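In the numbering used here, the protein residues as written are 1 to 179.
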């Protein structure tokens with residue numbers, strides 16, 4: 001395990017600003033120097049590890065993959081954390097950034113905005129407020145409308161592309177107040 005100072009230095013060296021070491025620890029993240037990747041376990045609602053989310057830094061960009069690809073477990077769900085609000089994102093970096101700067105439960109969906117697995121629905125039932133914050137492209141906006149209908153329009157809120165065309169991580173890097 002790396003300490004806070006080592007993680008901060010690593011974050012600076014790979015351009016991962018706006019994320020606190022506590023968020024990486026909260027998600028049991030591990031850094032692999034050999035392949036320049038963070039590995040995060042994906043947990044089922046039972047708490048068992050059922051997959052991995054890999055966040056790789058290559059050529060100045062971050063790419064995420066999931067093993068197995070078919071794993072329906074979300075990233076970032078903190079078991080036992082009691083809040084009335086959950087924020088849904090489409091990427092690991094966005095979830096880590098929001099976990100670093102808000103007190104809400106934050107979940108990165110397993111298939112970005114392509115689908116909302118039924119296994120996640122029971123996790124989301126306990127929240128009176130669901131905030132959807134995805135990219136500002138057409139497919140993501142379609143997903144917001146579809147997910148809102150599926151989760152209940154009354155409790156769903158979203159960050160509109162017209163209001164903020166930035167992803168959560170980009171907004172935090174540009175000092176936008178996300179609280």
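Glycine included, every Cβ here is placed at the ideal spot set by N, Cα and C. Bear in mind the structure is a predicted one, so any value in this text is a computation, not a measurement.
The residue among 51, 46, 96 with its C-alpha nearest the C-alpha of residue 80 is 46. The alpha-carbon separation between residue 48 and residue 26 amounts to approximately 16 Å. By the Cβ-count criterion, residue 69 is exposed, with fewer than 16 other Cβ atoms from all chains shown falling within 10 Å of its own Cβ.
Residue 43 and residue 74 have their C-alpha atoms some 7 Å from each other. Bounds of the alpha helix (DSSP H) holding residue 7 are 4-13.
With a cut-off of 8 Å on Cβ pairs, the region 92-106 is not in contact with the region 137-154, counting fewer than three such pairs.
Rounded to whole angstroms, the separation of the alpha carbons of residue 143 and residue 88 is 11 Å. Exposed is the label assigned to residue 22, since fewer than 16 other Cβ atoms lie within 10 Å of its Cβ.
Between the beta-carbon of residue 106 and that of residue 76 there is about 5 Å, and that keeps the pair under the 8 Å contact cut. Between the C-alpha atoms of residue 157 and residue 179 there is a straight-line separation of about 14 Å. Beta-bridge partners assigned by DSSP to residue 57: 62. Pairing residue 173 with residue 17 gives a Cβ-Cβ distance under 8 Å. Residue 49 sits in a strand when the DSSP states are folded into three classes.
For the pair residue 128 and residue 63, the Cα-to-Cα distance works out to about 32 Å. In terms of CA proximity to residue 50, 119 leads the group 177, 154, 115, 119.
About 6 Å separates the CB atoms of residue 41 and residue 52; that is less than 8 Å, so the two are in contact. For residue 39, the pairing in a beta bridge is given by DSSP as 30, 54. For residue 172, the uninterrupted alpha helix (DSSP H) run begins and ends at 168-173, by DSSP.
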